[in-house]
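A.B. asks:
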Amino acid sequence: MAGDLALPLIDLVSTDLDSIAKSIRKACVDHGFFYLINHGIEESFFQQVLEESKKFFSLPLDQKTKLKTRKDNWGYNPLPSLTLNSSSEVQGRLHEDFFISSSKISCSQFNANQWPPEELLPCWKAMMESYYEKMLAVSKKLISLMALSLGLDDLFFEKIGALHEPLAYVRVLHYPGKSFEGSCGSLGASAHSDFGMVTLLLSDGVRGLQICRDKDRCPQLWEDVPHVHGALIVNVGDTSERWTNCLFRSTLHRVLITEQERYSVAFFLDGDPACMIECLESCCSKENPPRFPTIRCADYLLGHISAELDNLGLK
Ligand SMILES: O=C(O)CCC(=O)C(=O)O
Ligand SMILES: [Fe+2]
Numbered sequence: 088m089a090g091d092l093a094l095p096l097i098d099l100v101s102t103d104l105d106s107i108a109k110s111i112r113k114a115c116v117d118h119g120f121f122y123l124i125n126h127g128i129e130e131s132f133f134q135q136v137l138e139e140s141k142k143f144f145s146l147p148l149d150q151k152t153k154l155k156t157r158k159d160n161w162g163y164n165p166l167p168s169l170t171l172n173s174s175s176e177v178q179g180r181l182h183e184d185f186f187i188s189s190s191k192i193s194c195s196q197f198n199a200n201q202w203p204p205e206e207l208l209p210c211w212k213a214m215m216e217s218y219y220e221k222m223l224a225v226s227k228k229l230i231s232l233m234a235l236s237l238g239l240d241d242l243f244f245e246k247i248g249a250l251h252e253p254l255a256y257v258r259v260l261h262y263p264g265k266s267f268e269g270s271c272g273s274l275g276a277s278a279h280s281d282f283g284m285v286t287l288l289l290s291d292g293v294r295g296l297q298i299c300r301d302k303d304r305c306p307q308l309w310e311d312v313p314h315v316h317g318a319l320i321v322n323v324g325d326t327s328e329r330w331t332n333c334l335f336r337s338t339l340h341r342v343l344i345t346e347q348e349r350y351s352v353a354f355f356l357d358g359d360p361a362c363m364i365e366c367l368e369s370c371c372s373k374e375n376p377p378r379f380p381t382i383r384c385a386d387y388l389l390g391h392i393s394a395e396l397d398n399l400g401l402k
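For the sequence shown, position 26 matches number 113 in the numbering used here, and the numbering has no gaps at all.
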C-alpha cells in the first residue's frame, strides 16, 4: 500500500542557522529525507539540465553506447534487455543512466569522464559540469548544517578531511514509461539506500519515487514522495548513518515505473576516500555503543562501487 507523504521542508533562506540546523536534525532523525528550498539555484537552470538530459537519452542507441561505462571511464549504462534477461536483478533496474564524477579523484580507477560529442550536444558538458559544481556547493553547505545539528563545529567534516577531495557523482537518469516493452512488473530502481554522505535529487515532476521509513515493518509500507516545484529532495546516506550511529536514517527508497517516462538527476556526495568513518562521540554512550567499526571511507565506498560494477557486468 502506498500513501502520500508530507516530508519536512528545509528553507535555506533564513539566516538563523541554529533554527535551520534544528529542523535538519529532526528531518534526518524522523525521515532521512527532506525537501530543500531556497538553495540558491534557479528553477530555469534545473529545467535546462533536464532538457539536456532528455536530449542525451533521445540519441540513437549506437551513439549512446559509444560512451558506455568502461573499466576506467564513467559514462552511459543502457536499459537492461528485459526480453533476454528476466532475472530479479534486471527487473529492479529499468532505467538508463549516465555518470559524471569529479575528475580530480586520484585514488579511484575511475578517473575520466566521457562526454557526448560537441557536434551533437554542444552545451552538455558545460551544463553538467556546472550542475556538478552547484550541487557540490549546496551539499557542502548542507553538511556544515548537519554538523551544527549534531552539536559540532560547522566545519567539523572539513576538519576531519571528509570534504577534502570527496568522491562525488552526478547521475543523470531516464526511466521509461509502462509502454516500454517488457516493463510489466519491473521497478525503475529496486529498494536501496544510498551509500554516501548525502544525496540531492532533482526530478522532472513525474511520480515514481517512494520511500519505506521502517525497513523492518512487515509488510513494508511504501509512501510516494510528491514533487515540490523548485525543491531538491535530499536524503541521508549510509555513511552519515554510520557516523551518527543510526541517529540519522539512511532510508530505503525505490522508483516505480509509471504511465509516463521520467527523468531525474541525482548528486551523490560520498566523502574523501582517505577519511575515517568513526562513530561521533555525541552519538554514542555506554548504553548506546558504536554499532559499526571504524572504517576508512575508501574501503567502505570502494566495496559498494565494486558491487555496482559487478551488477553492470564490468568486473
Ligand atoms: O530517480 C530517482 O528518483 C531516485 C534515484 C536514486 O535513488 C539513486 O540514483 O540512487
Ligand atoms: Fe538512491
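By construction, the Cβ of each residue, glycine as well, lies at the ideal position given by its N, Cα and C atoms.
What would DSSP say about ILE382, mapped onto helix, strand or coil?
C.D. replies: strand
A.B. asks: If you measure from each residue's Cβ to the nearest non-hydrogen atom of ligand 1, which ones come out under 6 Å, in chain order?
C.D. replies: ARG258, LEU260, ALA276, ASP281, LEU288, SER290, LEU296, HIS340, VAL342, SER351 and ALA353
A.B. asks: Mind the definition here: the region 304-322 touches the region 356-366 only if three or more C-beta pairs lie below 8 Å; say whether that holds.
C.D. replies: no
A.B. asks: Decide if LEU229 is buried, meaning its Cβ has at least 16 other Cβ atoms within 10 Å, or exposed.
C.D. replies: buried
A.B. asks: On the DSSP bridge assignment, give the partners of ALA276 in chain order.
C.D. replies: VAL342
A.B. asks: Counting only the same chain and skipping the five closest in sequence on each side, list residues whose C-beta sits under 6 Å from that of ASP291.
C.D. replies: LEU137 and TYR350
A.B. asks: Can HIS279 be considered in contact with ligand 2, in the sense that its beta carbon sits closer than 7 Å to one or more heavy atoms?
C.D. replies: yes
A.B. asks: Beta-carbon within less than 6 Å of VAL293's beta-carbon, same chain only, minus the 5 sequence neighbours each way: which residues are those?
C.D. replies: GLN347 and ARG349
A.B. asks: Ends of the alpha helix (DSSP H) at ALA234?
C.D. replies: Where ALA234 is concerned, the enclosing alpha helix (DSSP H) stretches over 211-236.
A.B. asks: Compute every distance between the C-beta of THR338 and the non-hydrogen atoms of ligand 2, then say whether any falls below 7 Å.
C.D. replies: Remark: the C-beta of THR338 is outside contact range of ligand 2, defined as less than 7 Å to any heavy atom.
A.B. asks: Tell me the rounded alpha-carbon separation between TYR262 and ILE344.
C.D. replies: For TYR262 and ILE344, the distance between alpha carbons rounds to 7 Å.
A.B. asks: Touching or not, the region 362-379 and the region 325-340, by the rule of three or more beta carbon pairs under 8 Å?
C.D. replies: yes
A.B. asks: At the level of alpha carbons, what is the spacing between GLU220 and LYS227?
C.D. replies: 11 Å
A.B. asks: In angstroms with no decimal places, state the Cα-to-Cα distance between LEU288 and SER217.
C.D. replies: 16 Å
A.B. asks: Can you tell which of CYS371, THR338 and GLY264 has its C-alpha closest to the C-alpha of HIS279?
C.D. replies: Closest by C-alpha distance to HIS279, out of CYS371, THR338 and GLY264, is THR338.
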